Structures are given as C-alpha cells and as structure tokens.
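Here's the structure, in structure tokens; my notes come after.
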Amino acid sequence: MMEALAAKDYYIASFLLIGIGTYVMIAAGNLVKKVIGMNIFQTGIFLFFIASAYVEGGTPPLLTSETPHVSPVPHVLILTAIVVGVALTAVALGMIVRIYDDYGTLDERTLKEVRSSD
1 MMEALAAKDY YIASFLLIGI GTYVMIAAGN LVKKVIGMNI FQTGIFLFFI ASAYVEGGTP
61 PLLTSETPHV SPVPHVLILT AIVVGVALTA VALGMIVRIY DDYGTLDERT LKEVRSSD
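Residue 77 in the numbering used here sits at position 77 of the sequence shown; the count goes up by one each step and never skips.
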C-alpha cells in the first residue's frame with residue numbers, strides 16, 4: 001500500500017498545494033495574502049498537469065524510435081499558464097497598491113465597511 005502511495009507523491013503534493021491555496025484565499029482577510037494563496041493554488045494545478053503528463057519510459061516525440069512518446073502539449077500549456085499567472089499576479093498587486101492608496105487598508109472587512117459608508 002505504501003509503495004503505491006509513494007509512486008503517487010506528486011498527486012498528493014499537488015492536491016495538498018491546491019487545498020492550502022484554496023484555504024488561504026478563503027480564510028485570509030488581507031488582499032496580499034489572497035494573491036499569495038492564488039499563486040499556491042496555481043502551483044498545485046501546474047504540478048498536477050505536469051505529473052499527469054508523465055509517461056513511464058517515454059521519449060521525445062521523434063519518428064525514429066518505437067518507444068512510448070511523451071506529448072509536449074501539457075508542458076507547453078503549463079508554460080503559457082505560468083506566463084499568464086505572472087501577469088495576473090502583477091495586475092492584482094498593482095490593483096492592491098491602488099486600493100491601499102485610496103483607502104489606506106488591505107483588510108477585506110474594513111474595505112467593505114468603508115465602501116458601504118461611501
């Protein structure tokens with residue numbers, strides 16, 4: 001039983017990262033912590049897709065070999081997702097700076113109170 005779980009460590013790690021990221025996004029009141037939670041969640045998704053694309057004994061997709069081939073599509077999608085994730089983080093942090101300049105706080109509850117009184 002333990003050998004089967006040891007072979008799937010990457011799945012356990014990815015679901016653990018997804019769970020931690022989701023918890024931080026829901027539980028944190030600070031907007032910067034929510035962005036950090038979102039990045040942890042994204043890392044779990046990236047790990048899951050890369051781990052699921054693994055082929056035992058796989059080789060690059062060349063026509064000269066008869067061994068099982070590894071599809072490059074998941075890897076390319078994850079590289080694109082990393083770039084989108086970095087851009088999303090930059091935009092989110094830029095918006096957080098603007099929110100702090102306008103309201104003087106990053107706490108979600110305080111922002112709701114300030115917005116409701118305006």
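Yeah, the Cβ is synthetic: ideal placement off N, Cα and C, and Gly gets one too. Nothing here was measured: the structure is a model prediction, and the numbers come from that model.
**Report entry** Contact check, I40 vs I26, beta carbons under 8 Å
**Finding:** Here residue 40 refers to the residue found at position 40 of the sequence shown. Here residue 26 refers to the residue found at position 26 of the sequence shown. In this structure, I40 sits away from I26, with a CB-CB distance that is not shorter than 8 Å.
Query raised in the report: Any idea if L200 is buried or exposed, counting beta-carbon neighbours within 10 angstroms, 16 or more meaning buried?
Result: Beyond the ends of the chain as shown, which are 1 and 118, falls residue 200; an answer cannot be given.
Query raised in the report: Rounded to a whole number of angstroms, what is the C-alpha to C-alpha distance between V24 and I78?
Result: Against the sequence shown, residue 24 aligns to sequence position 24. Against the sequence shown, residue 78 aligns to sequence position 78. Whole-angstrom Cα-Cα distance: 23 Å.
Report task. Using a threshold of 8 Å, state whether the C-beta atoms of L111 and V32 are closer than that. Result -> On the sequence shown, residue 111 is found 111 positions in, with the first residue counted as 1. On the sequence shown, residue 32 is found 32 positions in, with the first residue counted as 1. Result no, Cβ atoms of L111 and V32 do not sit closer than 8 Å.
Query raised in the report: Which runs of the alpha helix (DSSP H) spanning at least 4 residues fall entirely within the segment 34 to 106, listed in chain order?
Result: Listed in chain order, the complete alpha helix (DSSP H) runs (minimum 4 residues) inside the segment 34 to 106 are 73 to 103.
**Report entry** Neighbourhood of A28 by C-beta distance below 7 Å, restricted to the same chain and skipping five residues each side
**Finding:** Working through the sequence shown from its first residue, we reach residue 28 at position 28. The residues are K34 and G37.
Report task. Let me know if S71 comes out buried or exposed under the rule of 16 or more other beta-carbons within 10 Å of its beta-carbon. Result -> In the sequence shown, the residue the question calls residue 71 occupies position 71. For S71, the number of other beta carbons within 10 angstroms of its own is below 16, and it is reported as exposed.
Query raised in the report: What residue range is occupied by the uninterrupted alpha helix (DSSP H) comprising A28?
Result: On the sequence shown, position 28 is the one that residue 28 refers to. First-last for A28: undefined, no H or E at that position.
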